[in-house]
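*Asks:* For the sequence shown, position 108 matches number 108 in our numbering, and the numbering has no gaps at all. Glycine is no exception: its CB is placed at the ideal position from the N, C-alpha and C atoms. Keep in mind it's a predicted model, so treat the numbers as computed, not measured.
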Amino acid sequence: MTPYLQALNRADITQLFPDCSATELALPDLTHVDWAVLDYFGWLHPSGHLGYVVVASEQGLQGMQLRRSLNHSARPRTRMCSWCHHVYRSRGTALFSASVVGSDGRRFIGNHICRNLDCSLRIRNLASDPPTYLPETIHIEHKIKRLKNSLLAFMARANVSA
Ligand SMILES: [Zn+2]
Numbered sequence: 001m002t003p004y005l006q007a008l009n010r011a012d013i014t015q016l017f018p019d020c021s022a023t024e025l026a027l028p029d030l031t032h033v034d035w036a037v038l039d040y041f042g043w044l045h046p047s048g049h050l051g052y053v054v055v056a057s058e059q060g061l062q063g064m065q066l067r068r069s070l071n072h073s074a075r076p077r078t079r080m081c082s083w084c085h086h087v088y089r090s091r092g093t094a095l096f097s098a099s100v101v102g103s104d105g106r107r108f109i110g111n112h113i114c115r116n117l118d119c120s121l122r123i124r125n126l127a128s129d130p131p132t133y134l135p136e137t138i139h140i141e142h143k144i145k146r147l148k149n150s151l152l153a154f155m156a157r158a159n160v161s162a
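(1) Report all residues from its chain with a CB closer than 7 Å to the CB of Tyr133; omit the five preceding and five following residues, and keep chain order.
(2) Just how far apart, CA to CA, sit Asn111 and Leu95?
(3) Are the stretch 117 to 126 and the stretch 17 to 31 touching by the rule of at least three beta carbon pairs closer than 8 Å?
(4) Quick check: the Cα distance between Ile113 and Lys143, rounded to an integer number of angstroms?
(5) Quick check: the Cα distance between Arg122 and Gly102, rounded to an integer number of angstroms?
(6) Distance check for Gly92 and Ser85, CA to CA, integer angstroms please.
(7) Checking 8 Å against the spacing of the C-beta atoms, do Arg68 and Gly42 come in under that value?
(8) Quick one: give me the first and last residue of the alpha helix (DSSP H) that Cys119 is part of.
(9) Please report how far the alpha carbon of Leu5 lies from the alpha carbon of Arg115, in whole angstroms.
(10) Evaluate Phe154 with the Cβ neighbour count: other Cβ atoms within 10 Å of its Cβ, from every protein chain shown; 16 or more gives buried, anything less gives exposed.
See below:
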């Protein structure tokens, strides 16, 4: 069982991204974050091209910077978020990619993820728009575990370490 995400402050988070300037990180105001319903903390840079995730693992807090590419194909298609399994009928996901640590930017991995990095709200039905196209009957605890395992597996593939 991986640890729960505790309430974090700005210093907790910024120290996970030592190579990012404050402008690049664009950490949002944390005052109103409801940590109790978050399996990971994710936010987007105002440019829309960068995203960040922070998650608690057995090794401690881990953070990862991601590049975001919106799906601009002409025809919307059904896609499932690789982390939370929310199914969208149109453009609800985006391709998030990370450069593999130690590859000098030569290797990238990518996942199609909820475009606003709001998987935690999706599995708890706290984000209603749009509802999943394929509802699941599995228990929330199972969804939480699957979400965290998928995210940590993605980080492991990117060689992110705590
Ligand atoms: Zn998701």
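*Replies:* According to the data block:
(1) Residue 133 sits at position 133 when you count from the first residue of the sequence shown. So the list reads Thr78, Val87, Tyr88 and Arg89, once near-sequence residues are dropped.
(2) Position 111 of the sequence shown, counted from the start, is the residue given in the question as residue 111. Position 95 of the sequence shown, counted from the start, is the residue given in the question as residue 95. Going from the Cα of Asn111 to the Cα of Leu95 covers about 6 Å.
(3) no
(4) Position 113 of the sequence shown, counting from 1, holds the residue named residue 113. Position 143 of the sequence shown, counting from 1, holds the residue named residue 143. So the two alpha carbons sit approximately 15 Å from each other.
(5) Here residue 122 is taken as the residue at index 122 of the sequence shown, counted from 1. Here residue 102 is taken as the residue at index 102 of the sequence shown, counted from 1. Looking at the two C-alpha atoms, the distance is approximately 33 Å.
(6) Indexing the sequence shown from 1 puts residue 85 at position 85. Indexing the sequence shown from 1 puts residue 92 at position 92. Inspection of the sequence shows that residue 85 is occupied by His rather than by Ser. Answer to the nearest angstrom: the Cα atoms are 12 Å apart.
(7) Here residue 68 refers to the residue found at position 68 when the sequence shown is read from its first residue. Here residue 42 refers to the residue found at position 42 when the sequence shown is read from its first residue. Cβ atoms of Arg68 and Gly42: not closer than 8 Å.
(8) What you label residue 119 is simply residue 119 of the sequence shown in a count that begins at 1. Element bounds for Cys119: Cys119 to Ile123.
(9) For the purposes of this step, residue 5 is taken as the residue at position 5 of the sequence shown. For the purposes of this step, residue 115 is taken as the residue at position 115 of the sequence shown. About 21 Å.
(10) Residue numbering aside, residue 154 sits at position 154 when the sequence shown is read from its first letter. Flag for Phe154 reads buried.
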